[in-house]
Each structure stands twice: as C-alpha cells, then as structure tokens.
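Residue numbers (our numbering): 4 to 156.
By construction, the Cβ of each residue, glycine as well, lies at the ideal position given by its N, Cα and C atoms.
Report on one structure; see the data block that follows.
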C-alpha cells in the first residue's frame with residue numbers, strides 16, 4: 004500500500020488515447036486520484052470538480068491525473084461527454100491499483116466485491132507521496148486537494 008514518503012510504483016498505464024504512461028516517471032508535483040468507474044455520478048462530479056480547478060492547479064505547477072480501470076476508449080468518451088480537461092489514465096491490468104493499495108473489498112447491499120477505493124495522492128516535486136486521502140467523499144474534495152497542493156510550494 005502506497006503511503007506518505009513512498010514513491011509511485013514503476014508501472015505503466017495507458018492514457019485515453021492508448022499511449023503508455025509510466026507512473027513512476029511522472030514529474031511532480033502532481034495529483035493522482037483514483038475513481039471507481041467513468042461516467043457514474045460520483046466519478047463524474049469528481050472529474051468535473053478537478054477540471055473546474057485545473058487552472059488553479061496549473062498556476063501552482065501541479066498536474067492532475069485521474070485513474071480507473073476503464074478502457075482508454077471509454078475514458079476518451081467520458082472526457083468528451085463532460086468536457087473534462089484532467090488527464091485520464093487507464094489501469095486495465097490493475098497494476099497501479101493493486102500496488103498502491105486502492106483495489107479493496109467493498110460491500111453494497113450486503114454483497115462483497117472487489118473495486119477501486121476513491122483515493123487521492125499528492126506527489127511532491129521530489130516524486131514522493133506528500134499526502135494521501137482515502138475513502139474520499141467527492142463534495143469539496145478537489146478544493147481541499149488544491150489547498151494542500153498550494154501548500155507544497
């Protein structure tokens with residue numbers, strides 16, 4: 004499980020165009036937020052919130068990436084449908100979700116299943132995790148992450 008002071012794992016995921024993205028090579032500072040599934044209400048609101056604040060993140064020199072297990076083509080449709088500007092990444096193979104500890108057992112109406120825990124990582128300039136938010140509630144979350152990102156300096 005990835006935690007504060009850890010580095011991002013050396014895994015490769017795909018962006019919405021199908022291009023390889025090496026997580027461990029992404030330059031910090033950056034935000035990497037994990038969400039369960041594209042085009043669902045909570046995930047859509049979270050992506051819209053991060054998109055709305057993207058200019059403020061950019062002013063602070065912080066890139067923002069969203070990651071799920073959705074296929075790249077679905078991510079492209081999701082971004083187009085809602086005008087999302089956050090760079091969306093696909094972890095179809097579960098390499099990042101498992102290594103970062105966000106692939107967890109969940110429960111819905113008493114039925115247990117495995118899925119992505121809504122979780123956000125703030126990565127500093129040195130490439131290590133500066134802060135982690137687990138079991139995220141969407142409302143106000145992007146603004147809270149922005150404030151923490153600004154504090155990184």
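### Query
The beta strand (DSSP E) spanning residue 125 covers which residue range?
Its beta strand (DSSP E) spans residues 122 to 126.
### Query
Under 7 angstroms, do residue 127 and residue 12 count as touching if we go by C-beta distance?
Cβ distance not < 7 angstroms, so residue 127 and residue 12 don't count as in contact.
### Query
Hey, residue 73 and residue 51 are a contact pair by Cβ (cut 8 angstroms); roughly how many whole angstroms apart?
A Cβ-Cβ distance of about 16 angstroms is found for the pair residue 73 and residue 51, leaving them out of contact under the 8 angstroms criterion.
### Task
Please report how far the alpha carbon of residue 34 lies from the alpha carbon of residue 113, in whole angstroms.
Rounded to whole angstroms, residue 34 to residue 113 spans 33 angstroms at the Cα level.
### Query
Buried or exposed: where does residue 61 fall if 16 or more other Cβ atoms within 10 Å of its Cβ makes it buried?
Classification for residue 61: exposed.
### Strand pairing of residue 25, partner residues [DSSP]
DSSP, once it has assigned bridges, lists 15 as partnering residue 25.
### Message
Give the list of continuous alpha helix (DSSP H) stretches no shorter than 4 residues that lie fully inside the stretch 64 to 121.
### Response
Those alpha helix (DSSP H) runs which fall completely within the stretch 64 to 121 and span 4+ residues are 75 to 85 and 98 to 102.
### Message
Quick check: what's the CA-CA separation for residue 37 versus residue 25?
### Response
Rounded to the nearest whole angstrom, the C-alpha separation of residue 37 and residue 25 is 16 angstroms.
### Query
Going by other Cβ atoms of all chains shown within 10 Å of its Cβ, with 16 needed for buried, is residue 83 buried or exposed?
The residue in question, residue 83, is exposed, as its Cβ has fewer than 16 Cβ neighbours within 10 Å.
### Task
Note down, in chain order, each residue of its chain lying with its Cβ closer than 7 angstroms to the Cβ of residue 21, except the 5 sequence neighbours on either side.
Taken in chain order, the residues that qualify are 75.
### Task
Below 8 angstroms on the Cβ atoms is my guess for residue 100 versus residue 119; work out the distance and round it to an integer in Å.
With 8 angstroms as the limit, residue 100 and residue 119 qualify as a contact, their Cβ atoms being about 6 angstroms apart.
### Query
Tell me which same chain residues have a C-beta within less than 7 angstroms of the C-beta of residue 57, skipping the five on either side of it?
The beta carbon of residue 57 sits closer than 7 angstroms to the beta carbons of 67, 88 and 89 from its chain, once the five residues preceding and following it are set aside; these are given in chain order.
### Close-in-space but distant-in-sequence residues of the same chain around residue 65 (CB under 7 angstroms, 5 per side omitted)
Excluding residues within five positions, the ones whose Cβ falls inside 7 angstroms are 32, 33, 34 and 152.
### Query
What first and last residue would you give for the beta strand (DSSP E) that runs through residue 33?
Residue 33 -> beta strand (DSSP E) spans 33 to 37.
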